[in-house]
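Numbering (the numbering used here), first residue to last: 2 to 499. Note that beta-carbon positions come from the ideal geometry of N, C-alpha and C, so glycine has one too. From a predicted model like this one, the values you see are computed outputs, not experimental measurements. Here's the structure we're looking at; comments come further down.
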Ligand SMILES: Cc1ncc(COP(=O)(O)O)c(C=O)c1O
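What follows is the structure in structure tokens.
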């Protein structure tokens, strides 16, 4: 069994044929032994089955050492005795909602607190010699630099780390959604994340327009699949009256990954500005935002990027929108893309002159408003450092195989049942290149609560969406093939007992 063989197959959109032996725990453990990224699991604090039930937290060591930390309280509840010795850890399949904590975060936060304690305000422009952090004022740029490969920007100047996802969506819509009498519509999908819906709706209203005539929702097939053809024909149907197309790179509910390059190109050729919400795509699938000519994109960093709950977010602005040029009339001032401005968008050369002429930093950084939170940036810089070592390409390769293996094991449950009325249906696309590391299972009505409870009781952390969906994310950074195998045994028993 060769992992690379599987990866190549999957990258061509083909589902690999696992042999019957793949049903065994040994097979899963063999895959784990081949996993180039296996070492990263120990760089994360994964909740244990015991710690999930604790009311008061046990302190977690800061170091990057291996194993051990998860057994500090000596508990091995429900340990099966086999596996690689870390059975006490939960099956953490919820990195699509909140990524696990990299141990390095604590080190970076400590470094920041040391700088602040020792040199106070001077930390703005000075980094201590032994610190893993750059000076506070350079930290946003440092995190942007570490994000370039993750989103496929051409350079740091196309990325800015600031605010939160929804705030960035509003800020960038303020610049990129400029409706006029003819082009006033925003095309979105049938079930956007509620925050995106509210942002779009209120932007339209804020321009004095009516959401019922300016919002266009693309409808999926009955299986909840949104085909590229459906998206393109909706664009065609509204091409002359649409100002903005705003879609998620990956749909949060079904886990469907859209054809970002094709859709972007198609819409832009029709004069439509294109923005993407990459909350579920950043750090999950490979992205090439610059080459795909995307106008703008936003993402959060607390899911696949593991920077912590509510951590500071990212935004991409294509370089063609970031130019700042002196006004040609020779009377001073600059011409640049309209935006809602704040002093941190001002070029560093003049930012602290405290005068009234706004001269934006060229590129995405010119869209900043405020002095960013260093606590946030310290956490993100640690998470991105770990991420950079693992590398997006390797993560995606493992994610493809891990998700396909989980899917194959899940299909095994359905085959065994052979019932007409199946207990669940996978609503995530079967084509591996049309999804990331998430499978959404639509359960038979009435099963969700019981199944969720049994998963929790058996140390599985995943996400339940009422009324009937559980979302399972075997993220490649810290999840194992063995986790996929164990999850399926637990789910099978849960379904049998309901
Ligand atoms: C697709 C999507 N968009 C927007 C948001 C909102 O993010 P934030 O609360 O960081 O603004 C989320 C949060 O999970 C999301 O999944």
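Segment contact flag, the stretch 143–158 with the stretch 380–392, C-beta cutoff 8 Å, min 3 pairs
yes
Opposite residue 480 in the DSSP bridges: which residues?
Residue mapping note: residue 480 aligns to position 479 of the chain shown, counting from 1. According to DSSP, residue 480 bridges with nothing at all.
Should residue 169 go down as buried or exposed, given a rule of 16 or more other Cβ atoms within 10 Å for buried?
Walking along the chain shown from the start, residue 169 turns up at place 168. When all chains shown are included, residue 169 counts as buried.
So the alpha helix (DSSP H) residue 147 belongs to, where does it begin and stop?
Against the chain shown, residue 147 aligns to sequence position 146. Here the alpha helix (DSSP H) through residue 147 covers 137–152.
Does the beta carbon of residue 109 fall short of 7 Å from some heavy atom of ligand 1?
Here residue 109 refers to the residue found at position 108 when the chain shown is read from its first residue. Answer for residue 109: no, Cβ out of range of ligand 1.
Nearest to residue 225 (by Cα), restricted to the options 206, 253, 403, 202
To locate residue 225, count along the chain shown from 1; it is residue 224. Comparing Cα positions, the closest option is 253.
Does the separation of the CB atoms of residue 484 and residue 475 fall below 8 Å?
For the purposes of this step, residue 484 is taken as residue 483 along the chain shown, with counting starting at 1. For the purposes of this step, residue 475 is taken as residue 474 along the chain shown, with counting starting at 1. In contact: residue 484 and residue 475 (Cβ atoms closer than 8 Å).
Can you name, in chain order, every residue of its own chain whose Cβ lies under 7 Å from the Cβ of residue 67, other than the five neighbours on each side?
For this step, residue 67 is matched to residue 66 along the chain shown. For residue 67, the predicted structure reports a pLDDT of 36, less than 50, and the residue's modelled location is therefore unreliable. A value from the coordinates is still provided. Taken in chain order, the residues that qualify are 43.
Is residue 337 helix, strand or coil by DSSP?
For the purposes of this step, residue 337 is taken as residue 336 along the chain shown, with counting starting at 1. Residue state, collapsed to three classes: coil.
Of the residues 277, 359, 350, which one's Cα is nearest the Cα of residue 342?
Here the question's residue 342 lines up with position 341 in the chain shown. The shortest C-alpha separation from residue 342 is found at 359.
In or out: residue 351 buried (at least 16 other Cβ within 10 Å) or exposed?
Within the chain shown, numbered from 1, the residue matching residue 351 stands at position 350. Classification of residue 351: exposed, given that the 10 Å Cβ count is below 16.
I'd like to know if residue 478 contacts chain B, where contact means its C-beta is closer than 8 Å to some C-beta of that chain.
Of the protein chains in this structure there is only one, and it is not chain B.
Counting C-beta neighbours from all protein chains within 10 Å, is the total for residue 416 16 or more, i.e. buried, or is it exposed?
For the purposes of this step, residue 416 is taken as residue 415 along the chain shown, with counting starting at 1. Result: exposed.
Which whole runs of the alpha helix (DSSP H) in the stretch 32–60 are 4 residues long or more, in chain order?
50–54
Which residues bound the alpha helix (DSSP H) around residue 262?
Indexing the chain shown from 1 puts residue 262 at position 261. Here the alpha helix (DSSP H) through residue 262 covers 261–270.
Within the stretch 387–454, ranges of the beta strand (DSSP E) (whole runs, at least 3 residues)
425–427, 440–444
Grab me the residues of residue 397's own chain with a C-beta within less than 7 Å of its C-beta, minus the 5 sequence neighbours each way, in chain order.
In the chain shown, residue 397 corresponds to position 396, counting from 1. 286, 287, listed in sequence order.
When you compare the stretch 196–215 with the stretch 320–338, are there three or more beta-carbon pairs, one atom per stretch, that lie closer than 8 Å?
no
Below 7 Å, is the gap between the Cβ of residue 194 and the nearest heavy atom of ligand 1?
Along the chain shown, read from residue 1 onward, the residue named residue 194 stands at position 193. Yes, the Cβ of residue 194 comes within 7 Å of a heavy atom of ligand 1.
Please list the terminal residues of the continuous beta strand (DSSP E) segment that includes residue 352.
The count along the chain shown starts at 1 and reaches residue 352 at position 351. First-last for residue 352: 349–352, but that is the alpha helix (DSSP H), not the beta strand (DSSP E).
DSSP state of residue 202, grouped into three classes?
If you number the chain shown from 1, residue 202 lands on position 201. The answer is helix: DSSP assigns residue 202 an H, G or I state.
Hey, could you find the ends of the alpha helix (DSSP H) residue 233 is sitting in?
Within the chain shown, residue 233 is the residue found at index 232, counting from 1. Unbroken alpha helix (DSSP H) run through residue 233: 229–238.
Mind checking whether residue 365 and residue 323 have CB atoms under 8 Å apart?
Taking the chain shown and counting its residues from 1, one reaches residue 365 at position 364. Taking the chain shown and counting its residues from 1, one reaches residue 323 at position 322. It is a contact, given that the beta carbons lie within the stated cut-off.
Name the two residues that bound the continuous alpha helix (DSSP H) containing residue 545.
Since the first residue of the chain shown is 2 and the last is 499, residue 545 is not available in this structure.
Within 8 Å, do at least three Cβ pairs link the stretch 268–281 to the stretch 297–311?
yes
Please classify residue 6 as buried or exposed, where buried requires at least 16 other C-beta atoms within 10 Å of its C-beta.
Translated into positions along the chain shown, residue 6 becomes position 5. So residue 6 ends up on the exposed side.
Can you give me the start and stop residues for the beta strand (DSSP E) that residue 166 sits inside?
On the chain shown, position 165 is the one that residue 166 refers to. Residue 166 -> not in any beta strand (DSSP E); alpha helix (DSSP H) instead, spanning 166–177.
Roughly how many angstroms separate the alpha carbons of residue 1 and residue 173, rounded to a whole number?
There is no way to answer for residue 1, as the model of the chain reaches only from 2 to 499.
Could you tell me how far apart the beta carbons of residue 158 and residue 320 are, in whole angstroms, since I believe they sit closer than 8 Å?
Your numbering for residue 158 matches position 157 in the chain shown. Your numbering for residue 320 matches position 319 in the chain shown. With 8 Å as the limit, residue 158 and residue 320 qualify as a contact, their Cβ atoms being about 7 Å apart.
With distances taken Cα to Cα, identify the nearest neighbour of residue 340 among 327, 438, 318.
As a first step, residue 340 must be located in the chain shown, where it is residue number 339. Closest option to residue 340, Cα to Cα, is 318.
Using a Cβ distance threshold of 8 Å, determine whether the stretch 457–474 contacts the stretch 27–39, with at least three qualifying pairs required.
no
C-alpha gap between residue 408 and residue 473, whole angstroms
One-based indexing of the chain shown puts residue 408 at position 407. One-based indexing of the chain shown puts residue 473 at position 472. Computed Cα separation, rounded: 10 Å.
How would you call residue 211, buried or exposed, if buried means at least 16 neighbouring beta carbons within 10 angstroms?
Sequence index remark: in the chain shown, residue 211 carries index 210 (1-based). Burial call: exposed.
Using a Cβ-Cβ cutoff of less than 7 Å, which residues in the same chain neighbour residue 260 once the five nearest sequence positions on both sides are dropped?
Taking the first residue of the chain shown as position 1, residue 260 is located at position 259. The answer, listed in chain order, is 229.
Return the Cβ separation of residue 301 and residue 166 in integer angstroms, given the expectation that the two are a contact with Cβ distance under 8 Å.
As a first step, residue 301 is located in the chain shown; it is residue number 300 there, counting from the start. As a first step, residue 166 is located in the chain shown; it is residue number 165 there, counting from the start. About 4 Å separates the two Cβ atoms, so the contact holds.
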